[in-house]
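Novice: One structure follows; several queries about it will come next.
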Amino acid sequence: MIENAKVELVDLEPKSTSLLKEVLTGLSRSQKTLPPKLLYDKRGSEIFEKICLLKEYYPTRAESEILKTYAGDISRMIGPDALIIEPGSGAGDKIRFLLPHLIEPKGYVPIEISKEILLRMTEELHTEFPFLNVLPVCADFSQEIELPLTVDRVPGKKVIFFPGSTIGNFNPQEAVVFLRKFGRMIGEGGGMLIGVDLKKDPEVFKQAYDDPHGVTAEFNMNLLERLNREAEAGFDLQNFAHEAFYNEKLSRVEMHLVSRIPQLVRVHESVFRFKEGESIHTESSYKYSVEEFSELCAKAKFKIKKYWKDSQNLFCVYYFERE
Ligand code: AVJ
């Protein structure tokens, strides 16, 4: 299946920035941090998929509801002859809601770091949508943001599809920088369809990010197991606890790994000291009102055209165009 020669994949060989270097830098800060992307190794991605099925984790269901309900309207806003580009496409679950409704799309460009996942979903799309032009690109979209020429030269309006509130992982300043890169990628007149989580009662966040089944805890703790394997670290998982809470002042959910005791932990040739209760900040998930997110995008020269919410007003999908 994976060896199928029909699929012409553009491989941009994601450069492997040293995991160890990133870990040592993060753990040396006064507030110890680890980059959230490290949560998504093979095991982490599997656990994240389990999170998406939890009834407490509303974003996936709410966004799917929006895409399903408004696929026709969204497709009309995007218009005909669009080239849809999805950074971090994964298994491509969400684009499937739109594909049957898009008006004569020029093509679909999934950008995904895992070649295995990318090839599998490309094959599936060929079967499900035989007339769709799929142009897979294997790249780390967080680093490599330039489109390969074979994709860039496809005529038609370029439209970024960025669901899942992934933009919430960046702080607002970083998000603007990142959105500007999207802007350069699609050019003037290009579009962006983006899913972003809304502000709401913090108790709902608590349930979603500290679920009673312990799946999110497993997701967070998996990071330590990964470091033990890949960074010669000696974390004793018994001595750390998952914590998630809404930081009202910064409008973000924070995930931490909290040291249960005073301890020293070795990572490769370094040793890090933890006080009891001291944490490693592993992820932030920023939340925006419609007004706040529209303003943020305006700083990246995106003009809001329309937005759609789910029936419970939990989540929002926006369509922007570049001025
Ligand atoms: C994939 C970053 C959008 O922030 O909701 C879910 C990750 N972390 N539960 C989110 C996540 C804990 C998720 N994002």
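The numbering of the sequence shown is the numbering used here, which starts it at 15 and goes up by one.
In this text, a Cβ means the ideal position worked out from N, Cα and C, and glycines have one as well.
1. Please classify K172: does DSSP put it in a helix, a strand, or coil?
2. May I ask you to report which of helix, strand or coil DSSP gives G205?
3. If you drop the 5 nearest sequence neighbours on each side, which residues of the same chain put their C-beta closer than 8 Å to that of L237?
4. Excluding the five sequence neighbours on either side, which residues of its own chain have a C-beta within less than 7 Å of the C-beta of V210, listed in chain order?
5. Three-state secondary structure (DSSP) at A105?
6. Check whether the segment 217–231 touches the segment 251–265, taking contact to mean three or more Cβ pairs, one atom from each stretch, closer than 8 Å.
7. Could you tell me which residues DSSP pairs with I98 in its beta bridges?
8. Verify the contact flag: E297, CB atom, against every heavy atom of the ligand AVJ, threshold strictly below 7 Å.
9. Would you report the Cα separation of E142 and V173, rounded to the nearest angstrom?
10. Tell whether a beta-carbon distance below 8 Å holds between V229 and F249.
11. Are the Cβ atoms of P124 and P144 separated by less than 8 Å?
12. Less than 8 Å between the beta carbons of L34 and A245, yes or no?
13. Alpha carbon to alpha carbon, how far is P101 from G40?
14. Check whether the Cβ of T230 sits closer than 7 Å to any heavy atom of the ligand AVJ, and report yes or no.
15. Do the segment 86–104 and the segment 193–205 make contact, defined as three or more Cβ pairs closer than 8 Å?
16. Determine the DSSP secondary structure at K64, reduced to helix, strand or coil.
17. Kindly examine the ligand AVJ and report whether one of its heavy atoms sits closer than 7 Å to the Cβ of N185.
18. Tell me whether F155 counts as near the ligand AVJ, meaning its Cβ is closer than 7 Å to at least one heavy atom of that ligand.
19. Taking 7 Å as the cut-off, is the C-beta of F233 nearer than that to any heavy atom in the ligand FMN?
20. Taking just the CA atoms, how far does M206 sit from K313?
21. According to DSSP, is S250 helix, strand or coil?
22. Can you list, in chain order, the residues of its chain whose CB lies under 6 Å from that of G86, leaving out five sequence neighbours each side?
23. Would you kindly work out how many angstroms separate the C-alpha atoms of E335 and G203, rounded to a whole number?
24. Can you tell me whether DSSP reads R287 as helix, strand or coil?
25. On a CA-only basis, which of M135, S156, D154, A153 is nearest L146? Give me that one, please.
26. Hey, would you say F62 sits closer than 8 Å to K82, going by beta carbons?
27. In terms of residues, what are the limits of the beta strand (DSSP E) holding F145?
28. Are the CB atoms of L251 and E232 nearer to each other than 8 Å?
29. Run through DSSP, which three-state label would D25 get?
30. Would you give the residue range spanned by the beta strand (DSSP E) that E297 belongs to?
31. Once DSSP output is grouped into helix, strand and coil, what is the label at S89?
32. Under DSSP, the beta strand (DSSP E) around Q277 begins and ends at which residues?
Specialist: Let's see:
1. strand
2. The three-state reading of DSSP puts G205 in strand, counting E and B together.
3. L48, L52, L53, G58, L271, T296
4. S179, I181, G182, Y302, F307, C330, Y332
5. Coil.
6. yes
7. Per DSSP, Y122, V173.
8. yes
9. 21 Å
10. no
11. No, they are not a contact pair.
12. For the pair L34 and A245, the CB atoms are nearer than the 8 Å cut-off.
13. P101 and G40 have their C-alpha atoms spaced approximately 25 Å apart.
14. True, at least one ligand heavy atom lies under 7 Å from that Cβ.
15. yes
16. helix
17. no
18. No, the ligand AVJ has no heavy atom inside 7 Å of this Cβ.
19. Although the ligand FMN was asked about, the structure shown includes only the ligand AVJ as ligands.
20. 14 Å
21. It is worth fixing the name first, because residue 250 is Asp in this sequence and not Ser. Shown here, D250 sits in coil according to DSSP, grouped into three states, outside any helix or strand.
22. H115
23. 6 Å
24. strand
25. M135
26. no
27. Looking at the DSSP string, F145 is not in any beta strand (DSSP E), and its letter there is neither H nor E.
28. no
29. DSSP, read as helix, strand or coil, puts D25 in strand.
30. 293–300
31. helix
32. 277–281
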